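In this note's numbering, the protein residues as written are 0 to 74.
Down below is the structure, laid out as structure tokens.
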């Protein structure tokens, strides 16, 4: 699980904007999908599959809960 520090920061900033948007309006499904795609980058994985294969159970649980929150905001 290797990504650059700037990728982590960019992913965090994108998720922060998404959750700020979800406080004032309903995000679209596309916006939720894009936010979810950024989520695994925060954990240093290049893909969701990599995160699920290499991360410990606590990180996977937090990832899954956060991903569900992302999609619930768009529903």
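Glycine included, each C-beta is placed from N, C-alpha and C at the ideal position.
Computed from a predicted structure; not experimentally measured.
Handout entry: Other residues of its chain near residue 11: CB distance less than 7 Å, five sequence neighbours each side excluded
Key = 41
Problem - Beta-carbon gap between residue 45 and residue 69 smaller than 8 Å - result: no
Problem - Euclidean distance between Cα positions of residue 38 and residue 62 - result: 7 Å
Handout entry: Heavy atom of the ligand FAD within 7 Å of residue 25 beta-carbon
Key = Looking at this structure, you won't find the ligand FAD or any other ligand, since it has none at all.
Exercise for the section: With a threshold of 16 other CB atoms inside 10 Å of the CB of residue 50, please say whether the residue is buried or exposed. Expected result: buried
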